[in-house]
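**Q** Below is a structure I'd like to ask you about.
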Amino acid sequence: MASHRTDRTHHVRSGRRRAGAHPCRRPRAIRPAVIRISESGARSTVQDRGRFGHLRSGVPPAGAADPFALAAANALVGNDADAAGIEIIGPPFRFTCDDSRVVAVAGRDVSLATRTRLPGWSSVFVRAGQIVTVHSGERTRFAYLAVSGGIATPVLLGSRATYLPAGLGAALRAGDTLPLGDSGSGAEDAGRHTEPAAYEGQVRAMAGPHDHRFEPDVVAQFFDATFVIDAASDRQGIRLGGVPIAPRAGELQSCGIIAGAVQVPRGGAPIVLLADHQTTGGYPVIATVIAADLGKVAQRVPGESLRFYRVERDEALDALRAERRALDGARISA
Numbered sequence: 003m004a005s006h007r008t009d010r011t012h013h014v015r016s017g018r019r020r021a022g023a024h025p026c027r028r029p030r031a032i033r034p035a036v037i038r039i040s041e042s043g044a045r046s047t048v049q050d051r052g053r054f055g056h057l058r059s060g061v062p063p064a065g066a067a068d069p070f071a072l073a074a075a076n077a078l079v080g081n082d083a084d085a086a087g088i089e090i091i092g093p094p095f096r097f098t099c100d101d102s103r104v105v106a107v108a109g110r111d112v113s114l115a116t117r118t119r120l121p122g123w124s125s126v127f128v129r130a131g132q133i134v135t136v137h138s139g140e141r142t143r144f145a146y147l148a149v150s151g152g153i154a155t156p157v158l159l160g161s162r163a164t165y166l167p168a169g170l171g172a173a174l175r176a177g178d179t180l181p182l183g184d185s186g187s188g189a190e191d192a193g194r195h196t197e198p199a200a201y202e203g204q205v206r207a208m209a210g211p212h213d214h215r216f217e218p219d220v221v222a223q224f225f226d227a228t229f230v231i232d233a234a235s236d237r238q239g240i241r242l243g244g245v246p247i248a249p250r251a252g253e254l255q256s257c258g259i260i261a262g263a264v265q266v267p268r269g270g271a272p273i274v275l276l277a278d279h280q281t282t283g284g285y286p287v288i289a290t291v292i293a294a295d296l297g298k299v300a301q302r303v304p305g306e307s308l309r310f311y312r313v314e315r316d317e318a319l320d321a322l323r324a325e326r327r328a329l330d331g332a333r334i335s336a
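Reminder that position 39 of the sequence shown reads as 41 in this note's numbering, one-by-one numbering, no gaps.
Here you go:
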């Protein structure tokens, strides 16, 4: 019978270990830089472009209520369009960063303050530990803060967007810290600027999928009417008071809906759905706000007026292309 020999590995000690030295010391883990919030405003959340592909499971997209403002702030600091930022409702919002970053704020009537007051829709270089304050005006509903590298909170169902009703993320509070992504931006990337979005004027909308559920004169009345923003408006929808819009009698089967859909409940007061909209609805949709004008609706404050202007698909697409050109310009405006 053949003999079998087991090979043994011999460990050769290269020398004596220093007294007190650990035999297998591991390198220290590198902690990510963070943003430290000292004042959080009335309600602030982490948002990105939204959580898509889950409507069939009953999960709304969430994301920024004013998508263009967040996208512009990201462009100004050199982030990708889908980077997460902070949506701020109500001043003041105050923070510092652990390391030097480029920051920008966008929205209606917003500004930043470091040592001096700086206009919104422009980027600025801030040093580690420098206190930055986001200011909002009387006509500001949402302000959007972008930090180079983006907010790097955990991804849930493909997005970092906060959706409070389902516990996806949480409202930010003073004392919170949020991790930041790697930043390739430096001082030379600051100083970018772009024209603020046009929040005034009529809101462009296309005829809705259920406009046949309304008499033709009622549809005409809708596009001629001046509505008033109701105080009960929120991230789910902007409620409109003023002229009641009456749908035809009869039941409507529930169907999927999207941000921008203008639902008309039985009481006749339209609701423009925003980022936190429910996934299905049984009220007729008389019109759909075009994607490029969602921010115009979202940023209106209670008591302001709103009028709709009817457009067709080609004009809606042209407006979206113009928005993308504006974002491209923000990236090269330094």
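The beta-carbon is built from N, C-alpha and C at its ideal position, and this holds for glycine as well.
Within 10 angstroms of its Cβ, does GLU325 collect 16 or more other Cβ (buried), or is it exposed?
**A** Translated into positions along the sequence shown, residue 325 becomes position 323. So GLU325 counts as buried.
**Q** How many angstroms separate the CA atom of ALA71 from the CA atom of MET208?
**A** Here residue 71 corresponds to residue number 69 of the sequence shown, with the count starting at 1. Here residue 208 corresponds to residue number 206 of the sequence shown, with the count starting at 1. Using only the alpha carbons, I get a separation of about 22 Å.
**Q** DSSP beta-bridge partners for LEU114?
**A** Taking the first residue of the sequence shown as 1, we reach residue 114 at position 112. Note: LEU114 sits in a beta bridge opposite LEU120, VAL136.
**Q** Could you please give me the residues that DSSP links to GLU41 through a beta bridge?
**A** Here residue 41 refers to the residue found at position 39 of the sequence shown. Bridge partners of GLU41: ARG96.
**Q** Distance check for VAL136 and GLN265, CA to CA, integer angstroms please.
**A** Locating residue 265 in the sequence shown gives position 263, counting from the first residue. Locating residue 136 in the sequence shown gives position 134, counting from the first residue. Their Cα atoms are separated by approximately 34 Å.
**Q** Specify whether the stretch 89-101 and the stretch 301-310 touch according to this definition: at least 3 beta carbon pairs, one from each stretch, less than 8 Å apart.
**A** Touching, no, given that fewer than three Cβ pairs across the two stretches are closer than 8 Å.
**Q** Tell me the rounded alpha-carbon separation between VAL117 and ALA44.
**A** As a working mapping, residue 117 is identified with position 115 in the sequence shown. As a working mapping, residue 44 is identified with position 42 in the sequence shown. At residue 117 the sequence reads Arg, which differs from the Val that was named. Approximately 24 Å between the Cα atoms of the pair.
**Q** Hey, ARG162 and ASP50 are a contact pair by Cβ (cut 8 Å); roughly how many whole angstroms apart?
**A** Translated into positions along the sequence shown, residue 162 becomes position 160. Translated into positions along the sequence shown, residue 50 becomes position 48. 5 Å between Cβ atoms; contact.
**Q** Compare the C-alpha of VAL221 against each of THR196, LEU147, SER150, THR290 and name the closest.
**A** Your numbering for residue 221 matches position 219 in the sequence shown. Among THR196, LEU147, SER150, THR290, the Cα nearest to that of VAL221 belongs to THR290.
**Q** If you compare alpha carbons, which of ILE288, GLN301, GLY171, ALA154 is closest to ASP213?
**A** Walking along the sequence shown from the start, residue 213 turns up at place 211. Residue ILE288 is the option with its Cα nearest to ASP213.
**Q** Measuring straight from C-alpha to C-alpha, what distance separates GLY297 and GLY284?
**A** For the purposes of this step, residue 297 is taken as the residue at position 295 of the sequence shown. For the purposes of this step, residue 284 is taken as the residue at position 282 of the sequence shown. Their backbone Cα atoms lie some 25 Å apart in a straight line.
**Q** Using C-beta distances below 6 Å, list every residue in its chain close to ARG333, excluding the 5 sequence neighbours before and after it, in chain order.
**A** Taking the first residue of the sequence shown as position 1, residue 333 is located at position 331. Cβ within range, chain order: ALA77.
**Q** In chain order, which continuous runs of the alpha helix (DSSP H) of length 4 or greater are located wholly inside the stretch 294-325?
**A** List check, alpha helix (DSSP H) in window: 296-300.
**Q** Taking 7 Å as the limit between beta carbons, can you name the residues of its chain near ASP184, skipping five residues before and five after?
**A** Locating residue 184 in the sequence shown gives position 182, counting from the first residue. Closer than 7 Å at Cβ, skipping near neighbours: GLY151.
**Q** Exposed or buried, which one is ARG110 when buried takes at least 16 other CB atoms within 10 Å?
**A** Reading the sequence shown from its first residue, position 108 is the one you call residue 110. Looking at its Cβ environment, which holds 16 or more other Cβ atoms inside 10 Å, ARG110 is buried.
**Q** Does the stretch 226-238 come within contact of the stretch 275-282, defined as at least 3 CB pairs closer than 8 Å?
**A** The answer is yes - the stretch 275-282 touches the stretch 226-238, with three or more Cβ pairs under 8 Å.
**Q** Assuming ARG206 and ASP330 are in contact, meaning their beta carbons sit under 8 Å apart, how far apart are those beta carbons, in whole angstroms?
**A** Here the question's residue 206 lines up with position 204 in the sequence shown. Here the question's residue 330 lines up with position 328 in the sequence shown. ARG206 to ASP330, Cβ: 22 Å. No contact.
**Q** Is it the case that the Cβ atoms of VAL149 and ARG96 are separated by a distance below 8 Å?
**A** As a first step, residue 149 is located in the sequence shown; it is residue number 147 there, counting from the start. As a first step, residue 96 is located in the sequence shown; it is residue number 94 there, counting from the start. It is not a contact, given that the beta carbons lie outside the stated cut-off.
**Q** How about VAL61 and THR98: are their beta carbons less than 8 Å apart?
**A** One-based indexing of the sequence shown puts residue 61 at position 59. One-based indexing of the sequence shown puts residue 98 at position 96. No.
**Q** Just to confirm, are GLY210 and PHE229 a CB contact at a threshold of 8 Å?
**A** Residue mapping note: residue 210 aligns to position 208 of the sequence shown, counting from 1. Residue mapping note: residue 229 aligns to position 227 of the sequence shown, counting from 1. Going by C-beta atoms, GLY210 is not nearer than 8 Å to PHE229.
**Q** Give me the Cα-Cα distance between ILE231 and GLN280, rounded to the nearest whole angstrom.
**A** Within the sequence shown, numbered from 1, the residue matching residue 231 stands at position 229. Within the sequence shown, numbered from 1, the residue matching residue 280 stands at position 278. So the alpha carbons of these two residues sit roughly 20 Å apart.
**Q** Can you list, in chain order, the stretches of the beta strand (DSSP E) that have 3 or more residues and sit fully within the stretch 208-274?
**A** Counting whole runs of 3 or more residues, the stretch 208-274 contains the beta strand (DSSP E) stretches 229-231, 239-243, 263-265.
**Q** Just the Cα atoms here: how many angstroms apart are GLY65 and GLU140?
**A** Taking the sequence shown and counting its residues from 1, one reaches residue 65 at position 63. Taking the sequence shown and counting its residues from 1, one reaches residue 140 at position 138. One C-alpha to the other measures close to 23 Å.
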